[in-house]
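Inspection log for the structure reproduced underneath, given as structure tokens.
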Amino acid sequence: MSFIARTSLALSAPNRIVETAGRSLAYRRFGTGPDLVLCVRLRGTMDSWDPLFLDVLARHFTVTVFDYSGLGLSTGTASYGKREMARDVDDLVSALGLTRVIIGGWSLGGFAAQTFAALHPHKVSHVLAIGTMPPGPMLKPPEPLFLETATKLSNTVADEYILFFEPDSAASRALGDASMARIAARTEPRDHPTPPEVFLRSLQASIEPSGPFPDPDDAYARFYRNTDIPVLALSGDHDIMFPVENWYALNDLWPTLFVVTLPDSGHGPQHQYPEMSAEIIASFVRHTAAR
């Protein structure tokens, strides 16, 4: 067993349950400092985060990861609709008695995080948008290979390279292998994987044909053009699902937007560069505040 597995807070944190609004939400909570709540990606669970990324975050924050309703260890009706995911966040935050949080989300979880912040700005100090996209039309669309791979019933290691790393880069693949090994180091307690039929049904039911934050329904984009909440977009330079170029287009439109691009990386930059990503987030929170 590696040193990280023996000493990791993320790997040893127990599964906990909170009852709220007629269903059970499963979560893990560890670390010290301001509250940071993280929303996971499509078909992900609490086990899908790189434990090294979470452990470094836990040096600076009290980290909470959780399962959406009906997924993983949580009960209720599963949905990948952005308002439904944001409702899970709000119910969890309220049930845990948290007053103001740093809200973060990876990929689809970035929709949940940004929507939660727009609907409940008084509950949010900072927004972390990791490997995701902003509200508004996609100026650069995803590459078809991503969804072709993401919607397979099961994924191989080669698929993981495509989904979260830079498959044409030997260095990125090696860092991907290290991340996958850290994730696999969890023994107990484990989460329940999301069955393919559940995530496919939930994804299909939540698809909005004109995009994740469709235009002209641009209320979220209007919110971020006027908010004083600091927003950090952390992306890989070749994210084939949510290209970072969609964030570059907003540099002069969102007054509190910070964009960080990590080189030679894809849709999971925080797993390829876990320590750097966590320290960038910690520095961002430490050195920014609502204007």
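Reading the sequence shown from the start, the letters are residues 1 to 291 in UniProt numbering. For every residue, glycine included, the Cβ atom is placed at its ideal position computed from N, Cα and C.
Nearest to P230 (by Cα), restricted to the options V65, P14, V101, S277: Position 230 of the sequence shown holds residue 230. It is V101 whose Cα lies nearest to the Cα of P230.
Where A185 sits in the DSSP three-state scheme: Locating residue 185 in the sequence shown gives position 185, where the first residue counts as 1. Note: A185 maps to coil in three-state DSSP.
Helix, strand or coil for W254? Go by DSSP, reduced to three states. Within the sequence shown, residue 254 is the residue found at index 254, counting from 1. If DSSP states are grouped into helix, strand and coil, W254 belongs with coil.
Using DSSP with H/G/I as helix, E/B as strand and the rest coil, what is residue 309? What the structure shows of the chain is the stretch from 1 to 291, and residue 309 is not part of that stretch, so it cannot be assessed.
If we ignore side chains and look at the alpha-carbon of each, how far apart do A171 and S265 end up? As a first step, residue 171 is located in the sequence shown; it is residue number 171 there, counting from the start. As a first step, residue 265 is located in the sequence shown; it is residue number 265 there, counting from the start. Rounded to whole angstroms, A171 to S265 spans 9 Å at the Cα level.
With 16 other CB atoms within 10 Å as the buried threshold, where does T45 fall? On the sequence shown, position 45 is the one that residue 45 refers to. It is buried - the Cβ of T45 has at least 16 other Cβ atoms within 10 Å.
Give every residue of the same chain whose Cβ lies closer than 7 Å to the Cβ of I162, excluding the five residues on either side of it in the sequence, and list them in chain order. Along the sequence shown, read from residue 1 onward, the residue named residue 162 stands at position 162. Excluding positions up to five away in sequence, the list reads L145, T149.
In its own chain, which residues sit with a C-beta less than 7 Å from the C-beta of Y220, not counting the 5 before and 5 after it? Along the sequence shown, one-based indexing puts residue 220 at 220. Q114, T115, A118, P135, F213.
Which whole-angstrom value is the C-beta distance of T194 and G72, which I expect to be below 8 Å? Stepping through the sequence shown from its first residue, residue 194 is reached at position 194. Stepping through the sequence shown from its first residue, residue 72 is reached at position 72. About 6 Å separates the beta carbon of T194 from that of G72, a gap short enough to meet the 8 Å contact definition.
Check the DSSP bridge columns for F66 and list the partner residues they point to. The sequence position of residue 66 within the sequence shown is 66, counting from 1. In DSSP, F66 forms a bridge with Y27.
From which residue to which residue does the beta strand (DSSP E) around A290 run? On the sequence shown, residue 290 is found 290 positions in, with the first residue counted as 1. Neither: A290 is in no beta strand (DSSP E) and is coded neither H nor E.
What is the DSSP secondary structure of G176, counted as helix, strand or coil? Position 176 of the sequence shown, counting from 1, holds the residue named residue 176. DSSP places G176 in helix when its eight states are reduced to three.
Roughly how many angstroms lie between the CA atoms of G236 and V198, to the nearest whole one? Against the sequence shown, residue 236 aligns to sequence position 236. Against the sequence shown, residue 198 aligns to sequence position 198. Whole-angstrom Cα-Cα distance: 28 Å.
Buried or exposed, going by whether 16 or more other CB atoms sit within 10 Å of the CB of K82? Locating residue 82 in the sequence shown gives position 82, counting from the first residue. Per the 10 Å Cβ criterion, buried.
Excluding the 5 residues preceding and the 5 following P263 in the sequence, name in chain order all residues of the same chain whose CB lies nearer than 6 Å to its CB. Your numbering for residue 263 matches position 263 in the sequence shown. Hits under 6 Å: D237.
To the nearest angstrom, how far is it from the Cα of I183 to the Cα of S48? Reading the sequence shown from its first residue, position 183 is the one you call residue 183. Reading the sequence shown from its first residue, position 48 is the one you call residue 48. Looking at the two C-alpha atoms, the distance is approximately 7 Å.
Apply the 10 Å Cβ neighbour rule to S283 and answer buried if 16 or more other Cβ atoms are within range, or exposed otherwise. For the purposes of this step, residue 283 is taken as residue 283 along the sequence shown, with counting starting at 1. By the 10 Å Cβ count, S283 comes out exposed.
Cutoff 6 Å; reference M1; Cβ partners in own chain excluding five residues on either side: Stepping through the sequence shown from its first residue, residue 1 is reached at position 1. With a pLDDT of 42 at M1, under the threshold of 50, the modelled position of this residue cannot be trusted; read the value that follows with caution. Excluding positions up to five away in sequence, the list is empty.
Can you tell me the Cβ-Cβ gap for L54 and V40, rounded? I've got them flagged as a contact below 8 Å. On the sequence shown, residue 54 is found 54 positions in, with the first residue counted as 1. On the sequence shown, residue 40 is found 40 positions in, with the first residue counted as 1. Their Cβ separation, rounded to whole angstroms, is 11 Å, which puts L54 and V40 out of contact at 8 Å.
Considering only the alpha carbon of each residue, which of W106, P141, E143 lies closest to A129? Counting from 1 along the sequence shown, the entry for residue 129 is found at position 129. Selected option, being the one with the closest Cα: W106.
Cβ-Cβ distance between P51 and S8 below 8 Å: Here the question's residue 51 lines up with position 51 in the sequence shown. Here the question's residue 8 lines up with position 8 in the sequence shown. Yes. Within cutoff.
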